[in-house]
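The block underneath contains the structure these notes are about, expressed in structure tokens.
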DNA sequence: TACCCGCGCCAC
DNA sequence: AAACGTGGCGCGGGTA
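Residue numbers (the working numbering): 51 to 617.
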């Protein structure tokens with residue numbers, strides 16, 4: 051059963067129940083917004099919970115969570131629309147061929163956050179006032195129904211997983227990632243010296259700067275200014291064209307070692323120093339805003355706090371509550387395994403039989419060392435042509451012709467300006483008008499060599515994008531299915547161990563997600579059970595997306611009290 | 001003062 | 001080893 055919710059005004063909500071398969075259900079009812087949590091709670095406790103259909107999870111779910119109510123399943127119409135509007139599977143549908151409408155407007159996530167903060171949508175001029183969720187849902191269902199049988203099942207899974215991701219993102223922001231500000235302060239003090247006011251250089255950082263200045267024989271220097279630093283280096287006779295780490299590393303000069311040390315510390319201070327803690331850690335929790343579907347490939351993005359780039363340096367401040375543990379799970383070499391499954395490459399499937407795919411590639415005689423295997427695979431998926439990666443590619447192609455052929459085909463498709471799709475049907479955008487103009491200019495009679503070269507460069511660049519899109523995007527789908535399956539299992543665990551009314555944070559729950567890695571916060575006595583559920587969910591994700599393809603998706607797990615101990 | 005953009009580095 | 005994908009973010013230095 052589906053239940054469609056529509057915000058009528060700040061105070062009222064229209065509730066429409068759709069019986070599956072029936073064209074008409076019970077008449078719509080209008081309830082007070084304040085009564086919604088109770089309604090949701092009641093229907094969620096029924097033997098078969100409904101699927102809630104709403105315009106945007108970020109506008110509905112935070113308030114329900116704050117009222118202590120969770121939902122099992124939903125349809126996020128905004129995220130689903132975004133997928134169906136572009137998907138090759140539904141390209142001929144009414145939804146995809148219509149003129150752009152209110153469902154194509156992007157909702158700035160910060161507007162939603164503000165709405166959550168003030169607890170109402172009263173005074174906000176949100177886009178979507180004219181959005182009719184019932185009509186949109188019907189269009190979406192028709193679009194999926196009009197696809198091929200495979201398209202129907204794949205898109206159905208993708209939309210369910212994407213919507214589950216929206217629920218998970220809201221729940222993770224609600225629960226927050228446990229963060230010990232005192233431990234963070236100790237980490238900073240150890241590296242930088244005692245806390246200082248913003249704008250003041252901490253003692254240890256200042257000492258390293260003294261070393262740098264001594265080595266350069268200057269009395270003043272602001273390494274934070276690339277221009278100034280570059281000039282200072284050149285005056286000291288060091289021939290560099292930039293101040294990047296990898297270029298400096300190649301230089302032999304007494305200033306390089308302290309300078310790289312300075313850059314490392316300076317980065318820690320500015321990106322994840324005391325200001326970061328003051329801004330982002332409240333009541334022992336880091337609550338970032340996750341943006342499901344925020345990346346073109348389907349990966350999540352984040353807004354604020356750099357949630358998806360937490361440096362390993364500060365992960366020691368991520369500490370479980372007393373008596374609780376983190377279960378940290380990582381899908382081992384996820385993207386190469388995804389490529390194996392998509393391409394049906396038997397040789398690579400054989401190499402991936404164990405937990406370490408890269409070592410497996412060495413063991414089957416395809417490459418000589420594990421580092422080479424890793425560099426070659428990543429290069430193949432990113433489209434590297436030069437360097438060690440490029441040199442290893444022919445060898446890789448001989449050993450795994452189907453896998454490499456698969457990404458090469460995706461690259462060629464992009465170079466022609468055509469679209470590619472992930473396994474479940476998320477489709478890449480078309481290149482923009484500028485790109486097309488460059489290509490057509492180069493194909494005109496009398497095109498200059500420069501125009502031709504420019505066009506080829508742009509074509510190859512778009513090819514690298516589509517090459518990576520199919521792998522990164524399908525990996526994101528696997529991760530969503532993994533996480534959604536785990537969430538369902540954790541909910542059942544909570545119901546069994548704590549009770550049907552267990553609050554999200556009373557029992558094991560997800561607190562962090564990083565593309566191919568998840569962190570569950572749980573009471574110590576649940577940790578072993580959670581590890582089992584994580585593995586079950588991984589196996590299920592593989593079956594859901596790839597059926598019986600002979601590819602395994604092993605996960606490494608660690609039960610820890612500090613995130614820093616996970617790897 | 002507010003914005004914009006290139007640089008550089010963090011994550012996967 | 002160094003030009004090969006997706007992002008976020010803080011800084012310096014420019015402009016309106």
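Ideal placement from N, C-alpha and C gives every residue a C-beta, glycine not left out. This structure is a prediction, so every number in the text was calculated from the model and none was measured.
Tell me, please, whether the stretch 453–471 touches the stretch 496–503 by the rule of three or more beta-carbon pairs shorter than 8 Å.
-> no
Assuming residue 120 and residue 554 are in contact, meaning their beta carbons sit under 8 Å apart, how far apart are those beta carbons, in whole angstroms? Counting from 1 along the first chain, the entry for residue 120 is found at position 70. Counting from 1 along the first chain, the entry for residue 554 is found at position 504. Residue 120 to residue 554, Cβ: 6 Å. Contact.
Give the straight-line distance between the Cα atoms of residue 476 and residue 599, rounded to the nearest whole angstrom.
Taking the first residue of the first chain as 1, we reach residue 476 at position 426. Taking the first residue of the first chain as 1, we reach residue 599 at position 549. For residue 476 and residue 599, the distance between alpha carbons rounds to 20 Å.
inquiry  = Quick check on residue 79: buried or exposed, where buried means 16 or more other Cβ atoms within 10 Å of its Cβ?
reply    = As a first step, residue 79 must be located in the first chain, where it is residue number 29. Classification for residue 79: exposed.
Residue closest to residue 541, alpha-carbon to alpha-carbon, out of 580, 569, 197, 514: Counting from 1 along the first chain, the entry for residue 541 is found at position 491. Out of 580, 569, 197, 514, 580 has the C-alpha closest to the C-alpha of residue 541.
Q.
Please state the DSSP three-state secondary structure of residue 571.
A. In the first chain, residue 571 corresponds to position 521, counting from 1. The answer is strand: DSSP assigns residue 571 an E or B state.
Look at residue 146 and residue 84 and say whether their C-beta atoms are less than 8 Å apart.
By one-based count along the first chain, residue 146 stands at place 96. By one-based count along the first chain, residue 84 stands at place 34. No, they are not a contact pair.
Where do the N-terminal and C-terminal ends of the beta strand (DSSP E) with residue 559 fall, by residue?
-> Locating residue 559 in the first chain gives position 509, counting from the first residue. Start and end: 559–563.
>> Check whether the stretch 365–376 and the stretch 418–438 are in contact - that is, three or more C-beta pairs closer than 8 Å.
In response: no
Beta-carbon gap between residue 180 and residue 152 smaller than 8 Å:
In the first chain, residue 180 corresponds to position 130, counting from 1. In the first chain, residue 152 corresponds to position 102, counting from 1. Cβ distance < 8 Å, so residue 180 and residue 152 count as in contact.
Checklist entry - In angstroms, rounded to a whole number, what distance separates the CA positions of residue 546 and residue 577? => result For the purposes of this step, residue 546 is identified with residue 496 of the first chain, where counting begins at 1. For the purposes of this step, residue 577 is identified with residue 527 of the first chain, where counting begins at 1. Looking at the two C-alpha atoms, the distance is approximately 15 Å.
Whole-angstrom distance between residue 89 and residue 100, CA atom to CA atom = Counted from its first residue, the first chain places residue 100 at position 50. Counted from its first residue, the first chain places residue 89 at position 39. Approximately 12 Å, taken between the alpha carbons.
Self-check item: beta strand (DSSP E) segment containing residue 378, residue limits
Solution: The residue you call residue 378 lines up with position 328 of the first chain. Residues 374–381.
- [ ] Could you tell me how far apart the beta carbons of residue 253 and residue 243 are, in whole angstroms, since I believe they sit closer than 8 Å?
- [x] The count along the first chain starts at 1 and reaches residue 253 at position 203. The count along the first chain starts at 1 and reaches residue 243 at position 193. Going by Cβ atoms, the distance from residue 253 to residue 243 rounds to 3 Å, so yes, they are a contact pair.
So, helix, strand or coil for residue 187, using DSSP?
Your numbering for residue 187 matches position 137 in the first chain. Looking at residue 187 - three-state DSSP - the assignment turns out to be helix.
Check your understanding: Going along the chain, which residues of its own chain have a beta-carbon closer than 7 Å to the beta-carbon of residue 61, five neighbours each way excluded?
Key -> Within the first chain, numbered from 1, the residue matching residue 61 stands at position 11. Excluding positions up to five away in sequence, the list reads 82, 83.
Worksheet entry | Helix, strand or coil at residue 228 [DSSP, three-state] | Here residue 228 refers to the residue found at position 178 of the first chain. If DSSP states are grouped into helix, strand and coil, residue 228 belongs with the strands.
inquiry  = With a threshold of 8 Å on Cβ separation, who are the neighbours of residue 310 within its own chain once the five nearest residues in sequence on each side are excluded?
reply    = Indexing the first chain from 1 puts residue 310 at position 260. Taken in chain order, the residues that qualify are 295, 298, 299.
Is the separation between the beta-carbon of residue 365 and that of residue 111 shorter than 8 Å? For the purposes of this step, residue 365 is taken as the residue at position 315 of the first chain. For the purposes of this step, residue 111 is taken as the residue at position 61 of the first chain. No, these two residues do not count as a Cβ contact at 8 Å.
- When the Cα atoms are used, what is the spatial distance from residue 353 to residue 212? Position 303 of the first chain, counting from 1, holds the residue named residue 353. Position 162 of the first chain, counting from 1, holds the residue named residue 212. Going from the Cα of residue 353 to the Cα of residue 212 covers about 18 Å.
Tell me the DSSP secondary structure of residue 102 in three-state form.
The count along the first chain starts at 1 and reaches residue 102 at position 52. Of the three classes helix, strand and coil, the one that applies to residue 102 here is strand, per DSSP.
Worksheet item: Does the separation of the CB atoms of residue 486 and residue 467 fall below 8 Å?
Response: The residue you call residue 486 lines up with position 436 of the first chain. The residue you call residue 467 lines up with position 417 of the first chain. Yes; because the gap between Cβ atoms is below 8 Å, this pair is in contact.
* Report yes if the CB atom of residue 128 is closer than 8 Å to the CB atom of residue 106, and no otherwise. => On the first chain, residue 128 is found 78 positions in, with the first residue counted as 1. On the first chain, residue 106 is found 56 positions in, with the first residue counted as 1. Their beta carbons are under 8 Å apart, which means residue 128 touches residue 106 by this criterion.
With H, G and I counted as helix, E and B as strand and the rest as coil, what does DSSP make of residue 617? Position 567 of the first chain, counting from 1, holds the residue named residue 617. Looking at residue 617 - three-state DSSP - the assignment turns out to be coil, as it is neither helix nor strand.
Go through its chain and collect everything with a Cβ distance to residue 271's Cβ below 8 Å, but skip five positions before and after it.
In the first chain, the residue the question calls residue 271 occupies position 221. The residues are 259, 262, 263, 278, 279, 282.
Nearest-angstrom Cα distance between residue 605 and residue 590?
Position 555 of the first chain, counted from the first residue, corresponds to residue 605. Position 540 of the first chain, counted from the first residue, corresponds to residue 590. In a straight line, the C-alpha of residue 605 is about 12 Å away from that of residue 590.
Within 10 angstroms of its Cβ, does residue 481 collect 16 or more other Cβ (buried), or is it exposed? Working through the first chain from its first residue, we reach residue 481 at position 431. Residue 481 comes out buried.
* To do: Pull up the distance between the alpha-carbon of residue 236 and that of residue 617, whole angstroms please.
  => Against the first chain, residue 236 aligns to sequence position 186. Against the first chain, residue 617 aligns to sequence position 567. If you take the alpha carbons of residue 236 and residue 617, they lie about 21 Å apart.
For a quick check, are the C-beta atoms of residue 349 and residue 526 less than 8 Å apart?
The residue you call residue 349 lines up with position 299 of the first chain. The residue you call residue 526 lines up with position 476 of the first chain. Their beta carbons are under 8 Å apart, which means residue 349 touches residue 526 by this criterion.
Quiz item: Relative to the C-alpha of residue 154, which residue among 444, 139, 131, 96 is closest?
Solution: Residue 154 sits at position 104 when you count from the first residue of the first chain. Selected option, being the one with the closest Cα: 131.
**Prompt:** Using a threshold of 7 Å, is the CB atom of residue 463 nearer than that to any non-hydrogen atom of the ligand ADP?
**Reply:** You won't find the ligand ADP in this model; it holds no ligand whatsoever.
* Name, in chain order, the residues that DSSP records as bridge partners for residue 312. => Here residue 312 refers to the residue found at position 262 of the first chain. In the DSSP output, where bridge partners are listed per residue, residue 312 has none listed.
Cut-off 8 Å between Cβ atoms - residues of its own chain near residue 87, not counting five sequence neighbours on either side:
Here residue 87 refers to the residue found at position 37 when the first chain is read from its first residue. Taken in chain order, the residues that qualify are 113, 114, 117, 118, 119.
Q) Which of helix, strand or coil does DSSP assign to residue 149? A) The sequence position of residue 149 within the first chain is 99, counting from 1. Residue 149: coil per DSSP, three-state reduction.
ask   = Cα separation between residue 266 and residue 301?
value = Residue numbering aside, residue 266 sits at position 216 when the first chain is read from its first letter. Residue numbering aside, residue 301 sits at position 251 when the first chain is read from its first letter. Going from the Cα of residue 266 to the Cα of residue 301 covers about 14 Å.
>> Which of the three DSSP states is assigned to residue 435 in this structure?
In response: Within the first chain, residue 435 is the residue found at index 385, counting from 1. Correct three-state label for residue 435: coil.
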